[in-house]
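S.K.:
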Amino acid sequence: MESTTPTTDVDEATSDPTLMGAVEAAVDAAVRARARSYSPYSSFKMGAGLIGFDGEQVLGTLIENVSLGLAMCSERVALFSAITQQIRPRVLALCSPRTEADFTFPCGACLQVALELAGPDLVVVAVDTDGQRAQTRLIDLLPRAPRRFSPHDSQD
Ligand SMILES: [Zn+2]
Numbered sequence: 344m345e346s347t348t349p350t351t352d353v354d355e356a357t358s359d360p361t362l363m364g365a366v367e368a369a370v371d372a373a374v375r376a377r378a379r380s381y382s383p384y385s386s387f388k389m390g391a392g393l394i395g396f397d398g399e400q401v402l403g404t405l406i407e408n409v410s411l412g413l414a415m416c417s418e419r420v421a422l423f424s425a426i427t428q429q430i431r432p433r434v435l436a437l438c439s440p441r442t443e444a445d446f447t448f449p450c451g452a453c454l455q456v457a458l459e460l461a462g463p464d465l466v467v468v469a470v471d472t473d474g475q476r477a478q479t480r481l482i483d484l485l486p487r488a489p490r491r492f493s494p495h496d497s498q499d
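Just remember that this note's numbering sits 343 ahead of the position in the sequence shown, which is counted from 1.
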């Protein structure tokens with residue numbers, strides 16, 4: 344799981360049929376999760392589909408709240424649910440509208456949580472509302488994030 348070298352997954356994705364299947368399943372789950380989005384304040388519907396290493400499928404949807412800071416991103420809903428069910432995440436897809444014409448990838452908070460719970464090799468797929476997608480690895484989206492906190496590292 345530990346990798347410090349950014350990877351491009353295009354070759355792997357086309358040569359590993361199990362990964363290709365997992366990506367397709369994650370995209371399908373993200374589209375279905377988006378339809379469940381609870382986003383009455385922003386109307387920006389988002390859904391996440393997570394596929395585990397044994398093919399398990401977990402859905403997460405955006406959940407907003409009248410107290411705006413209490414909203415929870417769909418990706419973290421899916422990640423927390425996966426960990427609760429002892430599912431090791433392999434692929435995380437996010438389905439949402441594009442933002443400023445570009446694919447919408449998970450926010451920084453979700454990336455940091457994903458790094459902790461899934462590791463740098465997690466495959467991350469952004470899917471727009473037309474079904475077009477962009478795919479990368481978590482390490483490419485968050486290359487220099489802190490990995491672990493250890494009190495023994497402190498010199499104080
Ligand atoms: Zn987020």
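Where a beta carbon is used, it is the ideal one built from N, C-alpha and C, also for glycine.
(1) Given a cut-off of 9 Å, decide if Ala436 and Ala391 are closer than it, judged by their beta-carbon atoms.
(2) Reducing DSSP to helix, strand and coil, say where Gly451 ends up.
(3) In angstroms with no decimal places, state the Cα-to-Cα distance between Ala477 and His495.
(4) From which residue to which residue does the alpha helix (DSSP H) around Arg419 run?
(5) Tyr381 bridges to which residues according to DSSP?
(6) Collect the residues with a C-beta less than 7 Å away from any heavy atom of ligand 2 and give them in sequence order along the chain.
(7) For the structure I just gave you, are there three or more beta carbon pairs, one from the segment 363-371 and one from the segment 383-403, closer than 8 Å?
(8) Can you have a look at Ser380 and say buried or exposed, based on whether 16 or more other CB atoms are within 10 angstroms of its CB?
(9) Tell me the rounded alpha-carbon separation between Gly403 and Ser493.
(10) With a 10 Å radius around its C-beta and 16 neighbouring C-beta atoms as the bar for buried, classify Ser466 as buried or exposed.
(11) Confirm, please, whether the CB-CB distance from Cys453 to Cys418 is below 9 Å.
(12) When DSSP labels each residue in this structure, what does Arg487 get in the three-state scheme?
M.R.: According to the structure data:
(1) yes
(2) helix
(3) 39 Å
(4) Ser417 to Thr427
(5) Ile406
(6) Looking at this structure, you won't find ligand 2 anywhere; what it does contain is ligand 1.
(7) yes
(8) buried
(9) The alpha-carbon separation between Gly403 and Ser493 amounts to approximately 30 Å.
(10) It is Val, not Ser, that sits at residue 466 in the sequence shown. Buried, since its Cβ has 16 or more Cβ neighbours within 10 Å.
(11) The question names Cys, yet the displayed sequence has Glu at residue 418. Their beta carbons are under 9 Å apart, which means Glu418 touches Cys453 by this criterion.
(12) coil
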